[in-house]
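First to last, the protein sequences are chains B and G.
Under my numbering, the very last position in the first sequence is 1495; numbers go up by exactly one each time.
Under my numbering, the very last position in the second sequence is 214; numbers go up by exactly one each time.
Notes follow once the structure below has been shown.
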Amino acid sequence: MTLAGWLQIALAVGVVLATVVPLGAYMTRVFDGRIAFLAPIETALYRIAGVDPAREQRWSAYAFAMLAFNAAGFVFLYGVLRLQDVLPLNPAGMAAVTPDLAFNTAVSFVTNTNWQSYGGETTLSHFSQMVGLTVQNFLSTATGIALAIAFARGFARARSATIGNFWVDVTRSTLYLLLPLAIIMALVLVAMGMPQNFAGPIEATTLEGASQAIAQGPVASQVAIKMLGSNGGGFFNVNAAHPFENPTAWSNLLQLWAILAIGAALTATFGRMVGARAQGRALLAAMVIMLVVGLGVSYWAESAGNPGFVAAGLDSPANWEGKETRFGIANSAIWSVFTTAASNGSVNAMHDSFTPLGGLVPLFNMEIGEVIIGGVGAGLYGILLYAIIAVFVAGLMVGRTPEYLGKKIGGTEVKLTMLAVLVSPLACLFFTALACVWPGALAGLANAGPHGFSELLYAYSSAAGNNGSAFAGLSANVPFFNTTLGLTMLLGRFALIVPMMAVIGRLAMAPKVPESAGTFPTTGALWIGLLIGVIVIVGGLTFFPALALGPIVEHFAMQAGGLF
Amino acid sequence: MFSLLRPALSLLAVFVALFGVAYPYAITGIAQAVLPDQANGSLIEKNGQVIGSSLIGQSFAEDKYFWPRPSATMGADPADPAKSVSAPYNATASSGSNLGPTAQALFDRLKGDIAHYKQGSPNNQGSVPTELATASASGLDPHISPKAAVYQAARVAAARGLPENSVRTLIDRQTEGGFLGLVGEPRVNVLVLNLALDAMSPATPSPNDRPR
């Protein structure tokens, strides 16, 4: 560990925090309709769609609109992937994507997971990348933001039957937020060295006379939204470790910012919408504390590295396997924590080659539901679900009806919230266990021993949390994994959202109760501590046995020099 | 039902046109006009021929060139295209090794790589720099650390009949530092360094050359 490394960590966290207030204020204005510089386009869109922007929806109509929109996106993307061999913009002559892989990839991008069973430059045409994946990068992100904004309205409103209009929320978040940011970021990324063209692989003759084909394509336009929207699906197989997908330390810093920027700023938007900015700051504080702890553990673990390296004749135990020289240990550790704190899932180093504890941090981040700033929108609604549980726990302790932001939290709300919180762990652990006993499934593992189990656990944790990062040694492109991971992603997204929408609807209907002396304060250190405690205990209790079988036992094996 | 289908389908169609077509084409148009070099992959040409990209690593095995880190990329077996075989620095199929820290296979591979780099640095009694003998994440890492370059300086100097000091000076000149020691790690671009070497002392095969 070096001072420069710690400073890089501080810098990465600093740039994210620096934009929370301005971006949060801007988003507030976008969603209450005060930003309207594209009003003619917006109005035209509503006319084509037959949507009356002034007409709001009840929670059920909002949820059905969201489901219909995502279902249409799924069918379209599946079709593009299946037909890419006859569609244009296929200079490398890629074949049609197989049915199971197309199902997995379409689910993956519609759910904002962006798990890569596909290989990017080895599987997909430029048309599939642009018209298929890039479009869903925008739309799945917009869906997440819309849901978070609806949740905020649930708390902000009193005795309201409606929670906004899904079509309006999606349109406004894409037009006023995602598109302008993506355009600026894509051009900056090109300036930093990222390719943006429609060519096939370039043939080069190396200095030693060998031939090297170099794949490229419209990389920057996809990467910009991939990072801003916590999508994470790479243009290339190795994602942001590829020098074309992350050419310099500066492009690395910009992309790190983009992973967390919108998610972090949404806490400020939430605070403004519910009329108490301190409430948004309290949520952000809890997130940042957990983020910084994860960064410290990860950087320490990767620097302390692998004692076996020195014994084998290397000059330092630092874990350089699967890391790029231009990023080094610190920036690889930062990225692994940021990408799993959010539901981004991009990687700039191979998580499969991380030390056991360095790999435990991303696993844990995903398993607690990616609420450490989290995916765009999904992080905010995720931590609000935990906040409901936390006030419920506090209410049990002091013997009063729990309240949060002036809303009484009743039995039905808590039951629905628990349903939403439990569905992801259930899907993750069930399918991990199934994969362990499914005939032939273990043949896909790249590593033996506890690390092999970690590969499975990581895959299903990533799918259930809609993250998309991988212990990439797992050969996931087989029908069993494509199907079960696809189902896990669907459950982790939509089976969580539907009960949550019901909670939102009930909150919006409820009256506001005035704060009294007996109201448990939901700002300040006590609340932040309680919230973190609930998150860690729920995540820890659910996943500790599985983690003990994977990274924890592997850590002790590595210290003892055990190999598998 | 139609009340849901119409907005879902029509908005999807408009967004596909906007984000899937107009957006990437607009970015490509601007990038090709303003930043053609970067937008086309930062290619390096020599005598009108593309010899690589300054961002993408390539294989070097001759003694007169600096060697890059091991690459775990695979390629189709020329004998049987259905099978994959090791194909280092295959820039159409990026990949890391994905070997975990307790994998026997990792330590088996390290043994061979450590021997390879040690043999390429016969005067060096010290251990091999860790980052030099470990495989990168992409399999296309264009850089090595300055330490890893210095480790190989004696071999390169001998193969070219240059004083070792002038090779070390060249490494110093080619080292890109972290900005204010903050953003990025100190590193040397192997292809750019080897091109500079060729410019300094034309690459005539020397008797010491042992291609691997």
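C-beta atoms are modelled at their ideal positions from N, C-alpha and C, and glycine is treated no differently.
For N1408 (chain B), no chain G residue has a Cβ inside 8 angstroms of its Cβ, as the nearest lies near 13 angstroms away. S991 (chain B) has a beta carbon lying at 9 angstroms or more from every beta carbon in chain G. For L45 (chain G), the secondary structure class from DSSP, reduced to helix, strand or coil, is strand. Straight-line spacing of the CA atoms in S1406 (chain B) and L172 (chain G) works out to 43 angstroms.
Secondary structure within the stretch 1129 to 1182 of chain B: the beta strand (DSSP E) runs of 3 or more consecutive residues, fully enclosed, are 1133 to 1136, 1142 to 1145 (chain order).
When Cβ-Cβ separations below 9 angstroms define contact, D82 (chain G) makes no contact with chain B. With contacts defined by Cβ atoms closer than 9 angstroms, L1187 (chain B) and F1269 (chain B) form a contacting pair. Counting only residues of its own chain and dropping the five nearest sequence neighbours on each side, G1124 (chain B) has a CB closer than 6 angstroms to the CB of P1178.
By the Cβ criterion, the stretch 14 to 31 of chain G is not in contact with the stretch 105 to 122 of chain G, since fewer than three pairs of Cβ atoms, one from each stretch, lie closer than 8 angstroms. Put simply, the CB of I146 (chain G) is near chain B, with a gap under 9 angstroms to one of its CB atoms. At a cut-off of 9 angstroms between beta-carbon atoms, A95 (chain G) makes contact with chain B. Listed by position along chain B, the residues whose Cβ is nearer than 8 angstroms to that of T30 (chain G) are Q1127, N1128, F1129, P1149, S1152. Excluding the 5 residues flanking it on each side, I1260 (chain B) has same chain C-beta neighbours closer than 6 angstroms at E1233, S1234, A1249, in chain order. Note that the stretch 1155 to 1170 of chain B touches the stretch 1100 to 1117 of chain B; at least 3 beta-carbon pairs, one per stretch, sit closer than 8 angstroms. Put simply, of B:E1052, B:L942, B:A1309 the residue whose alpha carbon is nearest the alpha carbon of A1081 (chain B) is B:A1309.
The distance from the Cβ of G1085 (chain B) to that of L1438 (chain B) is about 4 angstroms, consistent with a contact at the 8 angstroms cut-off. Unbroken alpha helix (DSSP H) stretches of 4 residues or longer found wholly inside the stretch 999 to 1047 of chain B: 1030 to 1041, given in chain order. Taking C-beta separations shorter than 7 angstroms and ignoring five residues to either side along the sequence, the partners of S96 (chain G) in its chain run T75, S140, G141, L142, following chain order. When DSSP states are grouped into helix, strand and coil, T136 (chain G) belongs to the coil group. Around W1251 (chain B), the beta-carbon contacts reaching into chain G at under 8 angstroms are T132, E133, T136. When secondary structure is reduced to three states using DSSP, S1400 (chain B) falls in the coil class, being assigned neither helix nor strand. With respect to A160 (chain G), D82 (chain G) sits apart: the two C-beta atoms are not nearer than 9 angstroms. V944 (chain B) is positioned such that its CB atom lies closer than 9 angstroms to that of L1222 (chain B).
A Cβ-Cβ separation of about 7 angstroms places S56 (chain G) in contact with L193 (chain G) under the 8 angstroms criterion.
Just so you know, the alpha carbons of Y119 (chain G) and N126 (chain G) end up roughly 10 angstroms apart. Residues of chain G with a Cβ closer than 8 angstroms to the Cβ of K1157 (chain B) do not exist, since the nearest Cβ in that chain sits about 12 angstroms away.
Look at Y67 (chain G) here: in three-state DSSP terms it is coil, with no helix or strand label. Of the candidates B:E1334, B:L976, B:A935, B:V1467, B:V1467 places its Cα closest to the Cα of V1224 (chain B). Along the stretch 954 to 976 of chain B, going in chain order, the ones with a CB nearer than 7 angstroms to a CB of chain G are L976. Residue B:G1063 holds the alpha-carbon nearest to the alpha-carbon of R1013 (chain B) among B:E973, B:P1132, B:N1045, B:G1063.
Excluding the 5 residues flanking it on each side, E166 (chain G) has same chain C-beta neighbours closer than 6 angstroms at A155, A156, A159, in chain order.
Inclusion of P1442 (chain B) and A1089 (chain B) in the CB contact set at 9 angstroms is warranted, their separation being smaller than that value. T1419 (chain B) sits away from Y1389 (chain B), with the two beta carbons spaced by 9 angstroms or more. In terms of CA proximity to T136 (chain G), G:G102 leads the group G:G102, G:G128, G:G163.
In its chain, beyond the 5 residues on either side, W1369, A1372 have a beta carbon closer than 7 angstroms to the beta carbon of F1411 (chain B).
From the beta-carbon of S140 (chain G), the residues of chain B found nearer than 7 angstroms are V1169, A1172, H1173, P1174, E1255.
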